[in-house]
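In the UniProt record's numbering, the protein residues as written are 1 to 461. To start, the structure itself, in structure tokens.
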């Protein structure tokens, strides 16, 4: 306060002009007085003059900063290294970015990963991918499934011999598509045949067309030699209905045993899996759940005798007058014929059958077509078409769809080994119409019948 006396000055605030003092102090000589005078003049100057000077200074500094920003080139972000295995989009070259000289070190230049492969696959490629991802069963799972089926067969055989010691059952034999290389994913069950050991000379086979049912699919097992071996001399006579061995009565006997008498929890614990009979099904089915896979076992009562040669008859849940007859099984003959045709020209008929089974099994409408329907189509094409190389597999697939559409239009699909049997006879008109529409749409856009391509093979689970 000694330099300025006892005067008080009001410094101007940002809101408005300040209040000046009454008078300026006397200026003394020296540098201190000159500095004090400049400070007083700056403090007591008007707001407009100070703001104008400040705005000019700020505007000048802003233009300088803007010019510096314009003069500074934009840095280009370097792409990630190619070791990340990801595609990097190429940037458009900037006019201000420096070009890399031709003699520059290639290791220092930014490396761009190769673009992603094209996803536009042909139908042939999609079909082969579907075969790999959804149809082919790993060898380890096939081996495990065979082992489980064999163990279940041994346990069930021991149970039948203890439960029905008076009934001569033969050795239980597992088989089916899994054992013939025709297993399409989880579409088909393992067939467990329970053969009946009938006495030679006491039984004869009668074609179904010669019975009251007039069904060419079936056969009747008639009891003979009643005058020499009266009724009751055979343990199977208790299952006779009208002089014929009834498949329906035997099915009910075995169904009650499988659902009520067999201790499946104990057997499953012994084999390391969970076994449960499917009660709601008309067929005798066992559901097997293992930690690595799931499979279905179909228990089939079978009759095979000398009068029929190699003919195999199954106890099947038939309706109407054919309820007591035995259904002729043609699976073995069909599988042997396909194998012989493929071995003759190294063809792909069996692979085509697997593809058709896999596609139809996953489709909500085409699932009404069974393996027997598709096998007849492949057998017919297998003896007509000439080229069965892998490169023609897609063409053969479309040709099979056309053949199925033609059969549905005629409402007739004769059996390859018995032309009197129409495999479409059991379908309703509504089912035939739905199947025809679904196949026609599939023929127009066959890719829609296939699911997305995956990377892992499918197991039986």
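Think of the CB as a built atom: it goes at the ideal place given N, C-alpha and C, for glycine as much as any other residue.
Whether residue i touches residue j by CB criterion (9 Å)
| i | j | result |
| --- | --- | --- |
| residue 203 | residue 223 | yes |
| residue 400 | residue 374 | yes |
| residue 198 | residue 212 | no |
| residue 312 | residue 296 | no |
| residue 123 | residue 442 | no |
| residue 130 | residue 450 | yes |
| residue 247 | residue 324 | yes |
| residue 419 | residue 337 | no |
| residue 293 | residue 314 | no |
| residue 411 | residue 424 | yes |
| residue 135 | residue 426 | no |
| residue 382 | residue 341 | yes |
| residue 178 | residue 145 | yes |
| residue 196 | residue 168 | yes |
| residue 396 | residue 352 | yes |
| residue 350 | residue 362 | no |
| residue 288 | residue 301 | no |
| residue 208 | residue 219 | yes |
| residue 127 | residue 355 | yes |
Inter-residue CB distance, residue i and residue j (contact presumed, cutoff 8 Å)
| i | j | result |
| --- | --- | --- |
| residue 239 | residue 251 | So it is not a contact: roughly 10 Å between Cβ atoms. |
| residue 407 | residue 413 | 4 Å |
| residue 160 | residue 175 | Wrong, their Cβ atoms sit about 18 Å apart, outside the cutoff. |
| residue 163 | residue 261 | 7 Å |
| residue 140 | residue 157 | Not a contact, Cβ separation roughly 26 Å. |
| residue 180 | residue 335 | 5 Å |
Residue i (DSSP reduced to helix, strand or coil)
| i | result |
| --- | --- |
| residue 218 | strand |
| residue 235 | helix |
| residue 452 | coil |
| residue 269 | helix |
| residue 195 | strand |
| residue 136 | coil |
| residue 289 | strand |
| residue 204 | strand |
| residue 392 | helix |
| residue 173 | strand |
| residue 302 | strand |
| residue 447 | helix |
| residue 147 | helix |
| residue 328 | strand |
| residue 296 | strand |
| residue 314 | strand |
| residue 420 | coil |
| residue 142 | helix |
| residue 274 | strand |
| residue 226 | coil |
| residue 190 | strand |
| residue 468 | For residue 468 there is no data in the structure shown, the boundaries of the chain being 1 and 461. |
| residue 359 | helix |
| residue 279 | coil |
| residue 167 | coil |
Own chain, CB closer than 8 Å to residue i, minus 5 neighbours either side, in chain order
| i | result |
| --- | --- |
| residue 271 | 148, 151, 152, 155 |
| residue 431 | 368 |
| residue 189 | 176, 285, 295, 296, 297, 298 |
| residue 487 | This structure cannot speak to residue 487, because the chain is shown only from 1 to 461. |
| residue 452 | none |
Cβ neighbours of residue i in the same chain (closer than 7 Å, five flanking residues each side left out)
| i | result |
| --- | --- |
| residue 390 | 348 |
| residue 283 | 298, 317 |
| residue 377 | 400, 403, 404 |
| residue 422 | 412, 413, 414 |
| residue 241 | 249, 324 |
Where residue i falls, given that 16 or more other Cβ within 10 Å makes a residue buried
| i | result |
| --- | --- |
| residue 165 | exposed |
| residue 121 | exposed |
| residue 448 | exposed |
| residue 429 | exposed |
| residue 463 | Absent from the structure is residue 463, since the part of the chain shown begins at 1 and ends at 461. |
| residue 210 | exposed |
| residue 227 | exposed |
| residue 279 | exposed |
| residue 191 | buried |
| residue 184 | buried |
| residue 133 | buried |
| residue 345 | exposed |
| residue 215 | buried |
Neighbourhood of residue i by C-beta distance below 6 Å, restricted to the same chain and skipping five residues each side
| i | result |
| --- | --- |
| residue 277 | 258, 259, 286 |
| residue 330 | 417 |
| residue 264 | 275 |
| residue 304 | 312 |
| residue 105 | In this predicted model, residue 105 has a pLDDT of only 48, less than 50, meaning its place in the structure is not dependable; the value taken from the coordinates is given anyway. There are no such residues. |
| residue 232 | none |
| residue 173 | 193 |
Any non-hydrogen atom of the ligand GTP closer than 8 Å to residue i Cβ
| i | result |
| --- | --- |
| residue 418 | With respect to the ligand GTP, the structure shown offers nothing to examine, as it has no ligands at all. |
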